Amino acid sequence: MITYQHLIDSFNKAPFIIQFAFIAVIIMVIAIVSLIISLKVIRSFLKIKDKEILKYKNEYEPLLIEYLYSGNENEELTETQQSIIAKIKEGIKGASRRKSVITILTNLMNEVSGEMSDSIRTLYHETGLIDYAIIRLKSKRWHITSKAIVELRRFKIQETHDLVSEFINHSKVEVRKETQIYLVHLFKFEGLSFLDDLKTPLSEWHQLLLLESLLNLENQQIGNIKPWLNSSNTSVVLFALKLTKIYNQFEMKHELIELRMHPDKEVRRSAIHVLNQLFGYEFEETPKPKNRQLKSEGQIVIV
Numbered sequence: 081m082i083t084y085q086h087l088i089d090s091f092n093k094a095p096f097i098i099q100f101a102f103i104a105v106i107i108m109v110i111a112i113v114s115l116i117i118s119l120k121v122i123r124s125f126l127k128i129k130d131k132e133i134l135k136y137k138n139e140y141e142p143l144l145i146e147y148l149y150s151g152n153e154n155e156e157l158t159e160t161q162q163s164i165i166a167k168i169k170e171g172i173k174g175a176s177r178r179k180s181v182i183t184i185l186t187n188l189m190n191e192v193s194g195e196m197s198d199s200i201r202t203l204y205h206e207t208g209l210i211d212y213a214i215i216r217l218k219s220k221r222w223h224i225t226s227k228a229i230v231e232l233r234r235f236k237i238q239e240t241h242d243l244v245s246e247f248i249n250h251s252k253v254e255v256r257k258e259t260q261i262y263l264v265h266l267f268k269f270e271g272l273s274f275l276d277d278l279k280t281p282l283s284e285w286h287q288l289l290l291l292e293s294l295l296n297l298e299n300q301q302i303g304n305i306k307p308w309l310n311s312s313n314t315s316v317v318l319f320a321l322k323l324t325k326i327y328n329q330f331e332m333k334h335e336l337i338e339l340r341m342h343p344d345k346e347v348r349r350s351a352i353h354v355l356n357q358l359f360g361y362e363f364e365e366t367p368k369p370k371n372r373q374l375k376s377e378g379q380i381v382i383v
């Protein structure tokens, strides 16, 4: 007790800077100890989760593979497949089990094609995984919504088109990006119809992602680009100009000529560039802009 009182008296008599330093050291020690304990708890939790995921993987992976190879030529679910679906449907009520099943199915989806790919989509529907995805789609947390859209795209779920389309003008750019890629990846050129209602800017990076998705798709039918060339959204016009050039839309000549008078400088330059690429020197035969600056821009590209 005497020693304790002596320490208190010494602390009270010490200069303010010493008192401040002593308190700061105590706080730092407490913070470091708390951090170490927190890290150990987190590591222990992650180890438990990893073991749990591995356990579920070992449990469900053989079932899912058996499901894929238990089909018949009639495209109807066999008794074995129905039994497996029932087991999985009951098991995925837990979030960890559900996450493990989705991970396994995603990996399988990347490795198979054709009938097996269709079989996985059937399983996705029959087990109710699509219902869980729709619930997450409606989450107030944007990153959960974004992940749900990615999942629906990976499993090529077209039935959720209207639900996903609601996020075209979402406040978070990540959600908008995944929405746009979902629409193009699953509905090809028709998926670009979201450009009709797009009010937010379409960044250059997003434009490249959409073009990459389009170019990786086969047997496409090119839709009408004209409305996008006349859009009030400048970024949509710029993207439409890229489409006009890539898909050689010669019938858009009149719209391209009109865009030389567009108020946005980048649109004007892009329009002149596309005209030059598609029509070459034929561009010289079109009426020249009245504005001298626009005229010089046109000449720079043509020369």
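Each residue of the sequence shown is one higher than the last, beginning at 81 in the working numbering.
Quick reminder that beta carbons are idealized off the backbone N, C-alpha and C, glycines included.
Everything numeric in this text was worked out from a predicted model, so none of it was measured.
- With respect to Ile305, Leu323 sits close: the two C-beta atoms are nearer than 7 angstroms.
- DSSP places Thr225 within a helical segment (H, G or I) once states are collapsed to three.
- Lys135 carries a helical assignment under DSSP once its states are collapsed to helix, strand and coil.
- Taking 7 angstroms as the cut-off, the Cβ atoms of Ser180 and Lys137 count as close.
- For Asp130, same chain residues with a beta-carbon under 8 angstroms away, outside a window of 5 residues either side, do not exist.
- Runs of the beta strand (DSSP E) spanning 3 or more residues and lying entirely within the region 156-182 do not occur at all.
- Of Leu134, Lys227 and Glu284, the smallest CA-CA separation from Thr259 is found for Lys227.
- Asn152 is not a Cβ neighbour of Thr160, given a cutoff of 7 angstroms.
- When secondary structure is reduced to three states using DSSP, Pro142 falls in the helix class.
- Here DSSP, grouped into helix, strand and coil, assigns Ala111 to helix.
- Here Gly208 carries a coil assignment [DSSP, helix/strand/coil].
- In this structure, the beta-carbon distance from Val244 to Ile261 does not fall below 7 angstroms.
- Around the C-beta of Leu126, fewer than 16 other C-beta atoms lie within 10 Å, and the residue is accordingly described as exposed.
- For the pair Gln99 and Val121, the Cα-to-Cα distance works out to about 33 angstroms.
- Boundaries of the alpha helix (DSSP H) harbouring Asp242: His241 to Ser245, taken from the DSSP string.
- When DSSP states are grouped into helix, strand and coil, Gln287 belongs to the helix group.
- Close CB contacts of Lys279 within its chain, under the 8 angstroms cut and outside five residues either way in sequence, are with Asn249 and Asn313 (chain order).
- Per DSSP, the continuous alpha helix (DSSP H) segment holding Ser350 begins and ends at Lys345 to Phe359.
- At the C-beta level, Leu309 and Ala320 come within 7 angstroms of one another.
- Secondary structure at Asn190: helix, using DSSP grouped into helix, strand and coil.
- Around the beta carbon of Ser199, a 10 Å sphere encloses 16 or more other beta carbons of the protein chains shown; the residue is thus reported as buried.
- DSSP places Asn304 in the coil class of the three-state scheme, outside both helix and strand.
- In the structure shown, Ile97 adopts helical secondary structure according to DSSP, grouped into three states.
- In the structure shown, His342 adopts coil according to DSSP, grouped into three states.
- Going by C-alpha positions, Ala166 is about 43 angstroms away from Gly303.
- Rounded to the nearest whole angstrom, the CA to CA distance from Ile164 to Pro281 is 46 angstroms.
- When the five nearest sequence neighbours on each side are left out, the beta carbons in the same chain lying within less than 7 angstroms of the beta carbon of His265 are those of Arg233 and Ser293, in order along the chain.
- Bounds of the alpha helix (DSSP H) holding Thr259 are Val253 to Phe267.
- No Cβ-Cβ contact shorter than 7 angstroms links Val316 with Leu263.
- For the options Ile107, Ile128 and Ile184, the alpha carbon positioned closest to that of Leu143 is the one of Ile184.
- In the DSSP annotation of this structure, the continuous segment of the alpha helix (DSSP H) that includes Ile326 starts and ends at Thr314 to Ile326.
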